[in-house]
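Residue numbers (the working numbering), protein chains in the order written: chain A, 5 to 343; chain B, 15 to 339. Take a look at the structure below.
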Amino acid sequence: MAKKSTAPKAKVKYSEETYAFWYESMLLMRKFEEKAGQLYGQQKIRGFCHLYIGQEACAAGAITALDKDDKWITAYRDHAHPLGLGTDPGAVMAELYGKATGTTKGKGGSMHIFDKERGFMGGHGIVGAQVPMGLGIGFAEKYRGTKNLCICHMGDGAVRQGAVHEALNLAMLYKTPVIFVIENNGYAMGTSVERTSNVTELYTIGEAYDMPSFPVDGMNVEAIHEAVAEAADRARRGDGPTLLEFRTYRYKGHSMSDPQKYRTREEVEEYKQRDPIEQVKQTILDNKILTEEKLAEIDKRVKQQVDDSVKFAEESPWPDGEKAFEDVYMQEDYPFVME
Amino acid sequence: MRVIQFREALREAMSEEMRRDKNVFLMGEEVAEYNGAYKVSQGMLDEFGPERVYDTPIAELGFAGLGVGAAMNGLKPIIEFMTFNFSLVAIDQIVNSAAKMLSMSGGAYSVPIVFRGPTGNAGQLGATHSSNFENWFANTPGLKVIVPSNPYDAKGLMKAAIRDPDPVIFMESELMYSDKGEVPEGEYLLPIGVADVKRKGKDVTIISFGKMMKVVFEAADELAKEGIEAEIIDLRTVRPIDYATCLESVKKTNRCVVVEEANPIAGLSSELAYHIQRNAFDYLDAPVIRVNSMDIPLSYSPTYIEATLPNVKRTIDAVKKVMYK
Ligand SMILES: Cc1ncc(C[n+]2csc(CCOP(=O)(O)OP(=O)(O)O)c2C)c(N)n1
Ligand SMILES: [Mg+2]
Chain A
5 MAKKSTAPKA
15 KVKYSEETYA
25 FWYESMLLMR
35 KFEEKAGQLY
45 GQQKIRGFCH
55 LYIGQEACAA
65 GAITALDKDD
75 KWITAYRDHA
85 HPLGLGTDPG
95 AVMAELYGKA
105 TGTTKGKGGS
115 MHIFDKERGF
125 MGGHGIVGAQ
135 VPMGLGIGFA
145 EKYRGTKNLC
155 ICHMGDGAVR
165 QGAVHEALNL
175 AMLYKTPVIF
185 VIENNGYAMG
195 TSVERTSNVT
205 ELYTIGEAYD
215 MPSFPVDGMN
225 VEAIHEAVAE
235 AADRARRGDG
245 PTLLEFRTYR
255 YKGHSMSDPQ
265 KYRTREEVEE
275 YKQRDPIEQV
285 KQTILDNKIL
295 TEEKLAEIDK
305 RVKQQVDDSV
315 KFAEESPWPD
325 GEKAFEDVYM
335 QEDYPFVME
Chain B
15 MRVIQFREAL
25 REAMSEEMRR
35 DKNVFLMGEE
45 VAEYNGAYKV
55 SQGMLDEFGP
65 ERVYDTPIAE
75 LGFAGLGVGA
85 AMNGLKPIIE
95 FMTFNFSLVA
105 IDQIVNSAAK
115 MLSMSGGAYS
125 VPIVFRGPTG
135 NAGQLGATHS
145 SNFENWFANT
155 PGLKVIVPSN
165 PYDAKGLMKA
175 AIRDPDPVIF
185 MESELMYSDK
195 GEVPEGEYLL
205 PIGVADVKRK
215 GKDVTIISFG
225 KMMKVVFEAA
235 DELAKEGIEA
245 EIIDLRTVRP
255 IDYATCLESV
265 KKTNRCVVVE
275 EANPIAGLSS
285 ELAYHIQRNA
295 FDYLDAPVIR
305 VNSMDIPLSY
315 SPTYIEATLP
325 NVKRTIDAVK
335 KVMYK
């Protein structure tokens, strides 16, 4: 990260470190995902693989607004959040390969990245399932009397699951310190938001439960930071949950096997004009927060990190098949049926 | 004879039944405009229109329940789960509503519905996308459960399922949709609850169903090279089970192996082993052996998968064990 600046910048709201972090973390997410996409094409990564390209601000802006003991949970589009939180890119890449050195020893794969040390409580595969769990994680923080909260990301498609509505109601009822985030990227697989409900202003679903609920520009990392910081204050004050709808976009297909006939090239291009990384880069340069040279250094560092992550994954061993029996129960001598 | 894909056989069955009976409709995630996540329903929106082919939001509990209510009130829904892993979100409507309605209502309300979609593993998809539910639903009185292994059976059984007056669970596999097989041009139906002896043999009976049949055929080919002739039974339906066909075969071969992708405890393999020892005890020359997934979730890495799923080697080993070879 860049050094502390001495002179305060008049027109910008956040510190040099914050801007540098946003640029670097989002670039890491972007480059990592681009590489993952390539490796999927080479069949180094198998199964389902959902890329975060275009949505980086939704993770990066929230990270700077929260504290280190706060908890995170999301769906299967889950490589970027841990990368932003500081999980070793090598361990994430090794997980995508299914190697023994991966974040879950090759157990979870792309959809189930976990990092307990950083409070990242998973990548979850059943649409909507993480939402009641996120509620429970926040509930536990309040129960134990901490000031921590849980931020729970979900997609626009997940919003139509019954469990999500039950969770929103319970969160208000118990004044639970949770920030519910809808990453509205316009589509659930091939289904646009408009084709899933008459309620297309997604943040308004929170209003049905009297929950403070707001739309946020999901391509703008500053806007996201601001909204999450405010929601975090509310949670830490004991005033309960907030629902935020981040209006964002995924540049790539839903997963790796998506012909994307449901949208136009122009639509994708339109969003690329508001690219979150380009936006923050522009702010940085316009306000002379960092020099071109500094940014180039970051670019180089990120490229190195991604290259290193691939090398690490490539060189890592496959897990021993017998270890499939480990971590199924906490009980160490659980008597599995063997025939 | 004409050769078509598994997915085409299913599509033909659904389309023929929809032409025949206007009360039949199809509903599920991505079934209409996207033409199906696995292209089973390709072209059906074009033919039947949005009044009969419905895309849903991701709301399995809601649309499964919609199907049950519609079936109670005169319609014949086909509800597609993108995979049966997601039917867990909807299982209350399947087990508590669909399965029990006729009995609960004293015979007043039947539920002629088909819930269909892929079951079981489809490669490296991780724990939440790899479960088998054949035995779960087979454990539920009121349901019928069909798990075909090839395009011909799939078409005939799907047509029978749609016409059946009871709720039917119809289970497929992502790994079978592109499989090709002979399917005649004309209309035909296959009876629910009747197993099929896919290969005759005298030394051992291997019973299986669904995509595990591929493993069984391969194992039987290997065994044949060693002079062991396996009789292969494809259950096709796992509720009701055609015990008679299984017993008849075991009484002839005196040895039996059951191959099932689901986890071992309370599986269909255990059920078959019980029935065989109960009704053919005196004919058995060896205990029945089951080959299942290991007693653990299916993880992502290929090495875990290799150590977990039933495969050709484990099937051959089991056959040799019952033959004391
Ligand atoms: C209960 C359930 N139903 C269906 C699926 C299959 N599925 C996986 S992702 C997805 C679309 C989700 O879209 P959205 O919530 O908008 O998230 P995004 O992929 O856009 O991040 C679907 C239908 C699933 N995983 N779980
Ligand atoms: Mg979406």
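All C-beta atoms in this analysis are idealised placements derived from N, C-alpha and C, irrespective of residue type, glycine included. Keep in mind the model is a prediction, meaning the values are calculated, not measured.
query: Residue range of the alpha helix (DSSP H) that Phe151 (chain B) falls in?
result: Glu148 to Ala152
message: Taking 8 Å as the threshold (beta carbon to beta carbon), is Ala317 (chain A) in contact with chain B?
response: no
query: Shorter than 8 Å from the beta carbon of Glu285 (chain B) to some beta carbon of chain A?
result: no
query: So which residues put a beta carbon under 6 Å from any heavy atom of ligand 2, going in chain order?
result: Output, sorted by chain position: A:Gly159, A:Asp160, A:Gly161, A:Asn189, A:Tyr191 and A:Ala192.
field: Identity of the residue in A:Phe250, A:Asp311 and A:Leu139 nearest His229 (chain A) by Cα
entry: A:Phe250
message: For chain B, check one thing: does any of its Cβ atoms lie closer than 8 Å to the Cβ of Pro12 (chain A)?
response: Unreliable placement is indicated for Pro12 (chain A), whose pLDDT of 49 sits below 50; the coordinate value is still reported in the next sentence. Output row for Pro12 (chain A): interface = no.
- prompt: Among B:Tyr257, B:Lys212 and B:Asp256, which one has its Cα closest to the Cα of Glu243 (chain B)?
  reply: B:Lys212
- prompt: Which residues bound the beta strand (DSSP E) around Tyr68 (chain B)?
  reply: Val67 to Asp69
message: Just verifying my parser: in three-state terms, what is the DSSP assignment at Ser222 (chain B)?
response: Assignment of Ser222 (chain B) by DSSP, reduced to helix, strand and coil, places it in the strand class.
- prompt: Of all the residues that make up the region 90-111 of chain B, which are near chain A by a beta-carbon distance shorter than 8 Å?
  reply: Asn99, Phe100, Leu102 and Val103
task: Closer than 9 Å by beta-carbon distance: list the chain B residues that pair up with Tyr266 (chain A), in chain order.
output: Glu47 and Tyr48
- prompt: What separation, rounded to the nearest whole angstrom, lies between the Cα atoms of Tyr333 (chain A) and Met342 (chain A)?
  reply: 15 Å
- request: Give the DSSP bridge partners of Ala122 (chain B), in chain order.
  value: DSSP lists no partner for Ala122 (chain B).
task: Classify Val271 (chain B) as helix, strand or coil using the three-state DSSP reduction.
output: strand
task: Scan the region 217-232 of chain B for residues whose Cβ lies nearer than 9 Å to a Cβ of chain A and list them as they occur along the chain.
output: none
message: Any heavy atom of ligand 1 inside 7 Å of the beta-carbon of Leu15 (chain B)?
response: With the sequence shown as reference, residue 15 (chain B) is identified as Met, and Leu is not the correct amino acid for it. Not under cutoff, so the answer is no.
- request: Using 7 Å as the cut-off, classify the Cβ of Ala79 (chain A) as near or not near the heavy atoms of ligand 1, replying yes or no.
  value: yes
query: Pick from A:Glu336, A:Ala61 and A:Trp322: whose alpha carbon is nearest that of Glu99 (chain A)?
result: A:Trp322
query: What did DSSP end up calling Ala340 (chain B) once you bin it into helix, strand or coil?
result: Here chain B comprises residues numbered 15 to 339, so residue 340 (chain B) is not present and cannot be evaluated.
message: So Ala162 (chain A) and Ile72 (chain B) are supposed to be a Cβ contact under 8 Å. How far apart are they, rounded?
response: 7 Å
- request: Kindly confirm or deny that the region 251-265 of chain B and the region 287-298 of chain B touch, where touching means at least three C-beta pairs closer than 8 Å.
  value: yes
- prompt: Among residues of its own chain, excluding the 5 on either side of Pro311 (chain B), which ones have a beta-carbon nearer than 6 Å to its beta-carbon?
  reply: Ala141
field: Beta bridge counterpart(s) of Asp119 (chain A) as assigned by DSSP
entry: Answer by DSSP bridge pairing, in chain order: A:Phe124.
message: Between A:Leu206, A:Thr195, A:Val168 and A:Pro280, which has its C-alpha nearest Gly222 (chain A)'s C-alpha?
response: That would be A:Pro280, whose Cα lies nearest to the Cα of Gly222 (chain A).
- prompt: Name the DSSP bridge partner or partners of Ile93 (chain B)?
  reply: B:Met41 and B:Phe129
task: Identify the contact partners of Val232 (chain A) in chain B, using a Cβ-Cβ distance below 9 Å as the criterion.
output: In chain order: nothing, as chain B lies at least about 25 Å away.
Buried or exposed (CB count within 10 angstroms, at least 16 for buried), Ser119 (chain B): exposed
- prompt: Within this structure, are the beta carbons of Met176 (chain A) and Ser313 (chain A) separated by less than 8 Å?
  reply: no
- prompt: Heavy atom of ligand 1 less than 7 Å from the Cβ of His128 (chain A), yes or no?
  reply: His128 (chain A) Cβ: outside cutoff for every heavy atom of ligand 1.
- prompt: How long is the line joining the alpha carbons of Glu121 (chain A) and Ala294 (chain B), rounded to whole angstroms?
  reply: Rounded to whole angstroms, the separation of the alpha carbons of Ala294 (chain B) and Glu121 (chain A) is 57 Å.
- request: Could you list the residues in the region 290-315 of chain B with a C-beta less than 8 Å from some C-beta on chain A, going in chain order?
  value: If the cut-off is 8 Å between Cβ atoms, the region 290-315 of chain B has Ile303, Arg304, Met308, Asp309, Ile310, Pro311, Ser313, Tyr314 and Ser315 near chain A.
message: Please list the terminal residues of the continuous beta strand (DSSP E) segment that includes Thr246 (chain A).
response: That run of the beta strand (DSSP E) goes Thr246 to Arg251.
query: List, in order along the chain, the chain A residues whose C-beta lies closer than 8 Å to that of Gln138 (chain B)?
result: Arg50, Gly51, Gly102 and Gly113
task: Note down, in chain order, each residue of its chain lying with its Cβ closer than 7 Å to the Cβ of Phe143 (chain A), except the 5 sequence neighbours on either side.
output: Answer for Phe143 (chain A): Tyr178 and Thr180, listed in chain order.
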